[in-house]
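Comments concern the structure below.
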Amino acid sequence: MIMASLARILRYPIKSLSAEDLGRVTLVAGRGLPGDRRFALARADMPPLMEPHWLPPEHLLTLARHPRLGQLDSRLDGERLTIRRRGRVVLSTDLGTAYGRSVVSAFFAAFLAGESFGHPRLVEYSKGFGGTPLPRLSLVSAATLSEVGRISGHRLEPAELRVNLVLDDLAPRTEQHWIGKRLHLGNAILRVTDAMDRTVLPELQSSTFGHGHLGVWAEVLTGGEIRLGDEVMEISEERHHPTPRHSERPQG
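Residue numbers (numbering that gives the first Met the number 0): 0 to 251.
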């Protein structure tokens with residue numbers, strides 16, 4: 000049964016900076032969205048890491064604690080990071096070099112003067128600095144966002160929630176009933192694990208909603224390509240593999 004369609008794919012190459020809209024991406028089993036939150040800005044008072052690993056948000060610069068980060072538009076093309084503010088390029092550097100990373104550190108120390116307690120360090124983790132150490136995707140329906148915006152009087156953008164996948168053709172909050180279900184999306188299979196807790200949002204603190212859940216988390220069970228317009232379908236427990244798209248079916 001077709002339940003929804005994929006309207007947007009959002010990736011955040013650097014945690015707490017702006018999103019990139021993707022047309023397609025190939026998911027990998029047991030991982031989150033490829034390249035999502037690959038980089039983060041560690042607080043200057045964090046000891047240097049001997050090896051890359053996940054860090055909790057309290058050790059990183061986050062949009063919640065540093066709302067000025069929302070003024071920046073960032074783009075990562077390969078290893079080249081470009082940051083704009085009000086349409087003007089304020090930083091362009093290569094993250095693949097020690098010098099480039101030092102430039103990033105100096106930039107954010109100046110940009111957040113008085114807030115960042117020294118020079119934050121750019122850190123990298125291939126599995127991504129998500130809100131938890133579990134590599135997952137976040138999903139929400141466009142109708143849910145519209146409903147929250149209508150009731151609260153504030154238009155809520157997916158990037159404010161750091162959402163990865165936005166779905167169309169759903170009634171508001173339908174995704175909250177998917178917990179525990181397996182979904183076929185494109186050539187991938189996902190399992191919805193739990194609700195996203197967004198109690199920090201003023202829009203969800205009203206008794207109108209009764210809870211702070213908005214959107215859901217999902218893990219990738221079977222990897223494969225997903226792209227805009229793909230249908231989302233619930234699959235039965237006995238079905239374990241997605242059906243290839245017509246153009247990708249095995250040929251004689």
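Backbone N, C-alpha and C fix where the C-beta goes; we use that ideal spot for every residue, glycine too.
Note that the structure is predicted; figures quoted are calculated from it, not measured.
Could you have a look at Trp-53 and say whether DSSP puts it in helix, strand or coil?
Counting from 1 along the sequence shown, the entry for residue 53 is found at position 54. If DSSP states are grouped into helix, strand and coil, Trp-53 belongs with coil.
By DSSP, does Ile-1 sit in helix, in strand, or in coil?
Taking the first residue of the sequence shown as position 1, residue 1 is located at position 2. Ile-1: strand per DSSP, three-state reduction.
Taking Phe-128 as the reference, give the member of Ser-235, Gly-34 and Ser-17 with the closest Cα.
Position 129 of the sequence shown, counted from the first residue, corresponds to residue 128. Among Ser-235, Gly-34 and Ser-17, the Cα nearest to that of Phe-128 is on Gly-34.
Measure how close the beta-carbons of Ser-125 and Asn-163 come, nearest whole angstrom, since I'm counting them as under 8 angstroms.
Taking the first residue of the sequence shown as position 1, residue 125 is located at position 126. Taking the first residue of the sequence shown as position 1, residue 163 is located at position 164. With 8 angstroms as the limit, Ser-125 and Asn-163 do not qualify as a contact, their Cβ atoms being about 17 angstroms apart.
Compare the C-alpha of Leu-227 against each of Met-0, Arg-85 and Leu-5 and name the closest.
On the sequence shown, position 228 is the one that residue 227 refers to. Checking every option, the nearest Cα to that of Leu-227 belongs to Leu-5.
Residue of Glu-224, Ala-28 and Pro-47 minimising C-alpha distance to Leu-121:
Within the sequence shown, numbered from 1, the residue matching residue 121 stands at position 122. With distances taken between Cα atoms, Leu-121 lies closest to Pro-47.
Three or more beta-carbon pairs under 8 angstroms between the stretch 14 to 26 and the stretch 97 to 113, yes or no?
no
Inspect the beta-carbon positions of Gly-223 and Thr-96 and report whether they are closer than 8 angstroms.
Position 224 of the sequence shown, counted from the start, is the residue given in the question as residue 223. Position 97 of the sequence shown, counted from the start, is the residue given in the question as residue 96. No, the Cβ-Cβ distance between Gly-223 and Thr-96 is not below 8 angstroms.
Determine the direct distance from the alpha carbon of Asp-76 to that of Leu-21, and round the result to whole angstroms.
The sequence position of residue 21 within the sequence shown is 22, counting from 1. The sequence position of residue 76 within the sequence shown is 77, counting from 1. Using only the alpha carbons, I get a separation of about 13 angstroms.
In DSSP terms, what Asp-196 is bridged to:
Sequence index remark: in the sequence shown, residue 196 carries index 197 (1-based). BP columns for Asp-196 point to His-212.
With distances taken from CA atoms, which of Val-165, Arg-190, Arg-79 and His-176 is nearest Leu-144?
Numbered from its first residue, the sequence shown carries residue 144 at position 145. Leu-144 has its Cα closest to that of Val-165, out of Val-165, Arg-190, Arg-79 and His-176.
Coarse secondary structure for Val-162, derived from DSSP in three states:
Along the sequence shown, one-based indexing puts residue 162 at 163. Reduced to three states, the DSSP call for Val-162 is coil.
Alpha carbon to alpha carbon, how far is Leu-32 from Leu-155? Give it in angstroms, no decimals.
Numbered from its first residue, the sequence shown carries residue 155 at position 156. Numbered from its first residue, the sequence shown carries residue 32 at position 33. So the alpha carbons of these two residues sit roughly 22 angstroms apart.
By how many angstroms is the C-alpha of Gly-130 removed from the C-alpha of Tyr-255?
The requested residue 255 is not part of the displayed model; the chain covers only 0 to 251.
Over what stretch of residues does the beta strand (DSSP E) that includes Phe-128 continue unbroken?
Residue 128 sits at position 129 when you count from the first residue of the sequence shown. No beta strand (DSSP E) contains Phe-128, which DSSP labels as neither H nor E.
Starting from Leu-136, trace the beta strand (DSSP E) both ways and give me its first and last residue.
If you number the sequence shown from 1, residue 136 lands on position 137. Under the DSSP assignment, Leu-136 falls in the beta strand (DSSP E) whose first and last residues are 136 to 140.
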